[in-house]
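4 protein chains.
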Amino acid sequence: MAKKTGEKYHAIIDAAIKVIAKNGYHNSQVTKIARMAKVADGTIYLYFDNKDDILISLFRTKMSEFVERVRQEMELVKTVEEKLYQLIYMHFKQFALDPDLAIVTQIELRQSNREIREGIGVTLKKYHQLIEELVQLGIEKEKFHKKIDIRLIRQMIFGILDETVTSWVMKDMKYDLLGLVQPVYFLVINGVSDKGEEEVTYEFKESKSRI
Amino acid sequence: MAKKTGEKYHAIIDAAIKVIAKNGYHNSQVTKIARMAKVADGTIYLYFDNKDDILISLFRTKMSEFVERVRQEMELVKTVEEKLYQLIYMHFKQFALDPDLAIVTQIELRQSNREIREGIGVTLKKYHQLIEELVQLGIEKEKFHKKIDIRLIRQMIFGILDETVTSWVMKDMKYDLLGLVQPVYFLVINGVSDKGEEEVTYEFKESKSRI
Amino acid sequence: MAKKTGEKYHAIIDAAIKVIAKNGYHNSQVTKIARMAKVADGTIYLYFDNKDDILISLFRTKMSEFVERVRQEMELVKTVEEKLYQLIYMHFKQFALDPDLAIVTQIELRQSNREIREGIGVTLKKYHQLIEELVQLGIEKEKFHKKIDIRLIRQMIFGILDETVTSWVMKDMKYDLLGLVQPVYFLVINGVSDKGEEEVTYEFKESKSRI
Amino acid sequence: MAKKTGEKYHAIIDAAIKVIAKNGYHNSQVTKIARMAKVADGTIYLYFDNKDDILISLFRTKMSEFVERVRQEMELVKTVEEKLYQLIYMHFKQFALDPDLAIVTQIELRQSNREIREGIGVTLKKYHQLIEELVQLGIEKEKFHKKIDIRLIRQMIFGILDETVTSWVMKDMKYDLLGLVQPVYFLVINGVSDKGEEEVTYEFKESKSRI
DNA sequence: TATGAATGAGGATTCATTCAT
DNA sequence: CATGAATGAATCCTCATTCAT
Numbered sequence: 001m002a003k004k005t006g007e008k009y010h011a012i013i014d015a016a017i018k019v020i021a022k023n024g025y026h027n028s029q030v031t032k033i034a035r036m037a038k039v040a041d042g043t044i045y046l047y048f049d050n051k052d053d054i055l056i057s058l059f060r061t062k063m064s065e066f067v068e069r070v071r072q073e074m075e076l077v078k079t080v081e082e083k084l085y086q087l088i089y090m091h092f093k094q095f096a097l098d099p100d101l102a103i104v105t106q107i108e109l110r111q112s113n114r115e116i117r118e119g120i121g122v123t124l125k126k127y128h129q130l131i132e133e134l135v136q137l138g139i140e141k142e143k144f145h146k147k148i149d150i151r152l153i154r155q156m157i158f159g160i161l162d163e164t165v166t167s168w169v170m171k172d173m174k175y176d177l178l179g180l181v182q183p184v185y186f187l188v189i190n191g192v193s194d195k196g197e198e199e200v201t202y203e204f205k206e207s208k209s210r211i
Numbered sequence: 001m002a003k004k005t006g007e008k009y010h011a012i013i014d015a016a017i018k019v020i021a022k023n024g025y026h027n028s029q030v031t032k033i034a035r036m037a038k039v040a041d042g043t044i045y046l047y048f049d050n051k052d053d054i055l056i057s058l059f060r061t062k063m064s065e066f067v068e069r070v071r072q073e074m075e076l077v078k079t080v081e082e083k084l085y086q087l088i089y090m091h092f093k094q095f096a097l098d099p100d101l102a103i104v105t106q107i108e109l110r111q112s113n114r115e116i117r118e119g120i121g122v123t124l125k126k127y128h129q130l131i132e133e134l135v136q137l138g139i140e141k142e143k144f145h146k147k148i149d150i151r152l153i154r155q156m157i158f159g160i161l162d163e164t165v166t167s168w169v170m171k172d173m174k175y176d177l178l179g180l181v182q183p184v185y186f187l188v189i190n191g192v193s194d195k196g197e198e199e200v201t202y203e204f205k206e207s208k209s210r211i
Numbered sequence: 001m002a003k004k005t006g007e008k009y010h011a012i013i014d015a016a017i018k019v020i021a022k023n024g025y026h027n028s029q030v031t032k033i034a035r036m037a038k039v040a041d042g043t044i045y046l047y048f049d050n051k052d053d054i055l056i057s058l059f060r061t062k063m064s065e066f067v068e069r070v071r072q073e074m075e076l077v078k079t080v081e082e083k084l085y086q087l088i089y090m091h092f093k094q095f096a097l098d099p100d101l102a103i104v105t106q107i108e109l110r111q112s113n114r115e116i117r118e119g120i121g122v123t124l125k126k127y128h129q130l131i132e133e134l135v136q137l138g139i140e141k142e143k144f145h146k147k148i149d150i151r152l153i154r155q156m157i158f159g160i161l162d163e164t165v166t167s168w169v170m171k172d173m174k175y176d177l178l179g180l181v182q183p184v185y186f187l188v189i190n191g192v193s194d195k196g197e198e199e200v201t202y203e204f205k206e207s208k209s210r211i
Numbered sequence: 001m002a003k004k005t006g007e008k009y010h011a012i013i014d015a016a017i018k019v020i021a022k023n024g025y026h027n028s029q030v031t032k033i034a035r036m037a038k039v040a041d042g043t044i045y046l047y048f049d050n051k052d053d054i055l056i057s058l059f060r061t062k063m064s065e066f067v068e069r070v071r072q073e074m075e076l077v078k079t080v081e082e083k084l085y086q087l088i089y090m091h092f093k094q095f096a097l098d099p100d101l102a103i104v105t106q107i108e109l110r111q112s113n114r115e116i117r118e119g120i121g122v123t124l125k126k127y128h129q130l131i132e133e134l135v136q137l138g139i140e141k142e143k144f145h146k147k148i149d150i151r152l153i154r155q156m157i158f159g160i161l162d163e164t165v166t167s168w169v170m171k172d173m174k175y176d177l178l179g180l181v182q183p184v185y186f187l188v189i190n191g192v193s194d195k196g197e198e199e200v201t202y203e204f205k206e207s208k209s210r211i
């Protein structure tokens, strides 16, 4: 029913990002978004099914573009290491360039309801897949440890990227996020590297804890 | 004003966890929590200032116990590696033993409003500090790379722990979370290890991307 | 302003009947009627002043035709009894032949607002007049009791006709409405007949009720 | 969930009748009803599930009392004719005594939606049954024509009663409704009588009713 | 004449919190 | 200490109507 294209569609999404970043999710009424987008309240509903749909569409639209740009950049370089570096760099760069979007995706969208988060989940999976493809390539090229579950490595990579951006937003973006590209790259590449001759010598003892 | 002790105080917190885990954050009205705790609605307000205070107190209480248990277990072992292992093990174990709490902290509480999340943030910092102390120790013992920012390593460790638990909850806890202790340990220890002679040879080119 | 003639005028009225019969009064938006009539929303307003005007015009148009047909049929027969029979027969027949119109006039239009029902009332009066003319004739011919108020007899006749059709519609038109022509005719003719010499012997006591 | 008893329950119903009679159904907001009943908007929802439920409950409550009073009065007299007379008398009297209720049931409630009218239908059936019981008795006592369908006679009786009251309301209650008891009685009794060889000799006396 | 995208006023309902008992 | 009935502010969405094309 809702027409998901056109100038106003994008105007409403951009307005929603601004309003939510400024006022927080729970204080972003439809009326506020409409006013920011310079359309009538009712016009919102020509382009979105309901308020939740604005948020889901917002995330879907921005995240798709995001993933697409990361994928393109990753294709421009050849080695696994370079691709990983591009991933981290692009991830941080995009949020650094759009602080409002960073606030919305890292903070405000997480307090939305189950339906929204499920709508978001679908889009997020595409990003997860992109990362998993990289991990797969790393294992094939014998750069990454082949014994570790791909999904787990993806979670590790995504977890550190996400946590790093969230911390940066929480600290009011007071430092340069892009300055963390190299150390994060180092942490990740070190963590997943297959260094051949090395061995894990630590004997894991069973925990004595009784909770 | 609110008396934050007593049998009913804890009954209300436990009721809140059950209700939120079952119904989701946005469908957990004060009346439902009161009914589950077998007290009157008004009684809630003898023990908590407002609804947000229930959630913040809930997180504070549970997280403090959580951090305390982790700290105690970490003190039982000596080496940095063992301590790290205990941290990961305890982190996963506590959520594995209390699925309701896992749902609440990993999913539902994240959709609360800014005030609650700030209240939570204060408590979370204690956990962050615990991790940072471990990192500091690792650097002093020359087990961890000394050139990487402590806070960044903490973010990496916390990020992967958090993302791993969240993914496990999102997958309806269908697999054994404790089975991930060892691979996660491996990823982390590899990532932060100072292996001496190695060198990073990859030349980072500036990204040509134009966003 | 509104041009109340033309092909589209009638197309819109017919569309309105279909849409209202199918969806119910409160779920029959202008857009739906326009779509059914294969015109644009705005076109509606070239032919009707507003939405209410569609409904009033609908009723007026259909009811005028209705009354006219009844009148013509009644003129074809001579006796008062025959005319009464024709009235009942035509009343039932027209609704039996147009179920959608029956639903709209007996059910849906009654839940319209005061203005519409007043607009309808004007048209209904013509039907009332037709019935009253019949009653007048009956009295003149000394077939009907002359002492009963004409308007009351008309109400009685209209009441039973209307209630009979409404009940039939409410029962999903599961039985043959025309099968009721004869018994209804009998009830009415019996009720209004002047049998001359008769006397009422029943003594009405004052009611003892205290409400 | 909604508690359908108590002082406020009845206060809200009485307020709803006044407000709807005065403003019309579509201009009777919940806030207006609450104000008239001297309760808060939210209090309405402690006693009623939703706005429709107010109307259904209103009709159910009033109609049940109504039917019960009619039934009681009918039991006080013995003959079928007397019972019929009481039915007509009580029907008119109750509306004559409560003009607001008359407006609501005859006019405003008919423009409510399908759900409400279905809720009303259940209650209305009890009245229909009462009338049908009378008709059944009349046939057994050989006062009414045994060949006419009971339901049809009931429709005829209800139809004329309902139409008479509706017409009276539409004419702004400018004349004495109780003055119509006797002529309506006459119309009905004549219509349904099995006279065999007998003849009706009833002299219409002027109504003595003074409301 | 005809279109249909845009408008914006209007209302039922929820639920955290209070306070008389 | 405890109760729970009562409160009332706050908001998403619908849809009749307009008007630039």
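Protein chains in written order, with our numbering: chain A, 1 to 211; chain B, 1 to 211; chain C, 1 to 211; chain D, 1 to 211. Just so you know, even glycine gets a beta-carbon here, dropped at the ideal spot from N, CA and C. Computed from a predicted structure; not experimentally measured.
- Scanning chain D for C-beta atoms nearer than 9 Å to the C-beta of C/T105 yields nothing, as the closest lies near 13 Å away.
- Within the model, the alpha-carbon separation for A/M170 versus D/I17 is close to 56 Å.
- In its chain, beyond the 5 residues on either side, V70, L161, V165 have a beta carbon closer than 8 Å to the beta carbon of B/H91.
- About 6 Å separates the CB atoms of C/L178 and C/K93; that is less than 8 Å, so the two are in contact.
- In the pairwise beta carbon analysis, the segment 129-144 of chain C is classified as touching the segment 74-84 of chain C: at least three pairs are separated by under 8 Å.
- C/F48 sits in coil when the DSSP states are folded into three classes, being neither helix nor strand.
- Contact residues of the segment 50-69 of chain C toward chain D are absent (C-beta to C-beta distance below 8 Å).
- Around C/L152, the beta-carbon contacts reaching into chain D at under 8 Å are T164, L180, P183, V184, L187.
- For A/L161, at least one C-beta of chain B is nearer than 9 Å to its own C-beta.
- Contact note: B/F95 does not reach chain A at a C-beta cutoff of 8 Å; the least C-beta distance is about 11 Å.
- Under the criterion of beta carbons closer than 8 Å, C/I13 and C/I44 do not qualify as touching, at roughly 11 Å.
- Rounded to whole angstroms, B/K22 and B/I116 show a C-alpha spacing of 20 Å.
- With 16 or more other CB atoms across the displayed protein chains lying within 10 angstroms of its CB, C/K62 is buried.
- Under the DSSP definition of a beta bridge, C/F144 partners with C/S193.
- Ranking D/D52, D/S167, D/A15 by CA distance to the CA of D/D100 puts D/A15 first.
- Pairing A/I120 with A/L58, the inter-Cα distance amounts to about 9 Å.
- Proximity to A/A2 across A/K8, A/A34, A/A40, A/L46 peaks at A/L46, based on C-alpha coordinates.
- By the neighbour-count criterion, in which 16 or more other beta carbons inside 10 Å mark a residue as buried, C/G191 falls on the buried side.
- The beta carbon of C/Y85 sits no closer than 9 Å to any beta carbon of chain D.
- When DSSP states are grouped into helix, strand and coil, B/M170 belongs to the helix group.
- For C/V192, the neighbours in chain D by C-beta distance under 9 Å run, in chain order, L187, N190, G191.
- In the structure shown, the three-state DSSP call for C/K38 is coil.
- With contacts defined by Cβ atoms closer than 9 Å, B/F95 and B/Y127 do not form a contacting pair.
- Taken in chain order, the unbroken stretches of alpha helix (DSSP H) that lie wholly in the segment 56-109 of chain B and span 4 residues or more are 80-97, 99-106.
- Closest by C-alpha distance to D/K8, out of D/T123, D/Q29, D/H26, D/R35, is D/R35.
- The distance from the Cβ of C/L84 to that of C/V188 is about 7 Å, consistent with a contact at the 8 Å cut-off.
- Residue nearest to A/R110 within the set A/G24, A/G6, A/K4, A/V19 is A/G24 (criterion: CA-CA distance).
- Taking 9 Å as the cut-off, the beta carbon of C/M156 is found no closer than this to the beta carbon of D/E132.
- Within the segment 20-49 of chain A, the residues whose Cβ lies closer than 7 Å to any Cβ of chain B are, in chain order, G24, H26.
- With fewer than 16 other Cβ atoms from the protein chains shown falling within 10 Å of its own Cβ, C/D41 counts as exposed.
- Taking all protein chains shown into account, D/S28 has 16 or more neighbouring C-beta atoms within 10 Å of its C-beta and is therefore buried.
- When DSSP states are grouped into helix, strand and coil, D/N23 belongs to the helix group.
- For C/I148, the residues of chain D that pass the 8 Å Cβ criterion are P183, F186, L187, F204, in the order they occur in the chain.
- The C-alpha of B/S193 is placed about 45 Å away from the C-alpha of B/T5.
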